[in-house]
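Residue numbers (this note's numbering): 206 to 722. For glycine and all other residues, C-beta sits at the position ideal for the given N, C-alpha and C. None of the values given here were measured: they were computed from a predicted structure.
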C-alpha cells in the first residue's frame, strides 16, 4: 500500500508577521503540530507599503540563494510582483541561456513584454496562457538555478511540477477570489524542497492570521465533494434552468448547470439508468422526459457533446434544416479564403445564437483573431494588431493588459470555447448533410478542430506539429520550407536534411527540433 501523505523532503511551515509597532522588523515562527517556535527576525530594506511589497521584501530577505517560488493570485499580479522584485535586486552578469530566452520572448510575444526585462536579473513569471515553449524553458532554467525567483499562478496546482527551495505565499486564492483550501495549500506547499538536493523546503506564509483559510501544520485529509452533489443540493436552480430551456446567457454564467443538464439527460434518458427515488430526482425526471419529445437529434451526437445543452444542440439542428437549400454556405472555409472574415463572423454569430452565447459586439474582432490564428500568424502579430486596434479606436489600454488579453483569448476562446462549440457545430452539420444525401458536401468539411488547436491550417505545419514541435518552432521553420502538403514522414526527412547550425534560429528552437530527430 502506498501512503499518499508521505513526504520525502521535510517541509517547514513558517509564519512571517510584523513585530508590533516596528514596520520594517518581521519575525519568523516555525509552526509545528505541537507548538510554534520563534526562529528569528528579518529587517526589511525599506518600509513595505503594500501587500505586494511585503511579498517581495520577504522573498529578498529569505531566499537570496535562489530556488524561490512566489505564489501570485493572477497573471497581472505575477507581472507586477516580478517588476517590483526586479527593482529591488542588483544587476547580474549576462548569461547566454538567459539572453537566448529574452530574445525568444521578444520575437514571440513583444519586445516590451515585462518578462524580457526581468529575466536579466534572474526573475521570471509563469502562467497558463503563455506559449508552451517559453514556459518549458522558464521551468528548465529555474530547475538549474539560472532563474532564481519564479512568480507563479495557480498553474502550479494544475500539474506543473516545479520543486523549489522555498515558497512565498500571502493570502492565496484560486480563480476569482476563492481562498485556497487546506488540500490546495499543501499541494502548493509540496513544491518546497527538492529530493536529492535539499533536506527540507520552506513555506513562508506572510501574515497568516489575515488569511481567509489559515494554513495549518496538520495535513488532515479533506472530503472531496462531487460537483454533481453540490448541484443536487441546490436542485431547484437546475430544475428552473431546464424549465426555462437552458438559456444561453445563463449557461455562460453557470457552466455547472449546463454540464449537469447534459449529464443527467444522457444518463437517465438516453442510457435509461434508474434514477434515485427522492423528490429532486422525481421532478428532474419529469422535466427531462418532457424535453425528450423536443429532441430529434441522434443520441450519439448529444453524447459526443455532453457539455452543451441537448436543447441548444436541437436548436442548431433546426437552424440547419431551415436553411437546407443554402447549407453549402454554412460549411467553414479556409482561413485564407477571400471572404474569410465575413464567413467566420457569420459562423460565430450562428453558434452564438444557438449552442452558445457570444456577445454580438465581439463577433468581428473574434473573427479576425480566429483567421489570424488558424492562418499561422505568430502570437507577436496578433498582439501587435490588437494593440494597434485599441490605439486606432482611442482606447487607452496599456500594452501589458493587451498582451495578457490576447493570450487569454487564444487559450480560452479560440482553443477552448470556440473549439468545443465548433466541434459540436461540425457534428450536427455532418449529420444534416448525411441524412439529406449531400455526400459531396460532407467531403468539403475542413479539419477545423485541428486548425483551432494548433493554430495552423497547412498540412505541412500540422505534420511538423505531429512530430512534437511547438507552434513557435513550426512558424520559425516556415521561412525555410515552401511545400504546404508534406506528410509527417516527409517532414521528418526534411528536418534531418537541415544543417541546423547554419540556420538563423534561436538556440531554444534548435533544441526543440533536436528533440524530435
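- Here residue 440 carries a helix assignment [DSSP, helix/strand/coil].
- Counting only the Cα atoms, residue 615 lies some 19 Å from residue 674.
- Per the coordinates, the alpha-carbon of residue 628 lies some 17 Å from the alpha-carbon of residue 532.
- For residue 381, the number of other beta carbons within 10 angstroms of its own is below 16, and it is reported as exposed.
- In the structure shown, residue 396 adopts coil according to DSSP, grouped into three states.
- For the pair residue 587 and residue 606, the Cα-to-Cα distance works out to about 14 Å.
- Beta-bridge pairing by DSSP links residue 245 to 233.
- 8 Å or more divides the Cβ of residue 408 from the Cβ of residue 700.
- Contact between residue 711 and residue 324 does not hold, since the beta-carbon distance rounds to 14 Å and is not under 8 Å.
- The straight-line gap separating the alpha-carbon atoms of residue 671 and residue 661 is approximately 12 Å.
- In this structure, the beta-carbon distance from residue 454 to residue 562 falls below 8 Å.
- Residue 379 and residue 278 have their C-alpha atoms some 7 Å from each other.
- Partner residues in the beta bridge of residue 409, as assigned by DSSP, are 219 and 373.
- With a beta-carbon spacing of about 7 Å, residue 350 and residue 272 fall inside the 8 Å limit used to define contacts.
- Beta-bridge annotation (DSSP): residue 379 is paired with 383.
- DSSP, reduced to helix, strand and coil, places residue 480 outside both helices and strands of the structure shown, so it counts as coil.
- Here residue 609 is not near residue 329, since their CB atoms are 8 Å or more apart.
- The beta carbon of residue 529 sits closer than 8 Å to those of 637 and 641, all from its chain and outside the five residues before and after it, given in chain order.
- In the displayed model, residue 275 falls within a strand according to three-state DSSP.
- By the 16-neighbour rule on beta-carbons within 10 angstroms, residue 274 is buried.
- Excluding sequence positions up to five before and after residue 688, its CB lies within less than 7 Å of the CB of 665, all in the same chain and listed in chain order.
- In the DSSP assignment, residue 323 falls within the unbroken alpha helix (DSSP H) covering 319-323.
- Annotation for residue 355: no alpha helix (DSSP H) segment contains it, though the beta strand (DSSP E) segment containing it runs 354-357.
- Excluding residues up to 5 positions away in sequence, 307, 310 and 311 lie with their Cβ nearer than 6 Å to the Cβ of residue 321 in the same chain.
- The count of Cβ pairs closer than 8 Å, one atom from the stretch 256-265 and one from the stretch 283-293, reaches three, so the stretches are in contact.
- Take residue 646, set aside five residues on each side of it, and the residues of its chain with a beta-carbon closer than 8 Å to its own are 532, 533, 536 and 638, in chain order.
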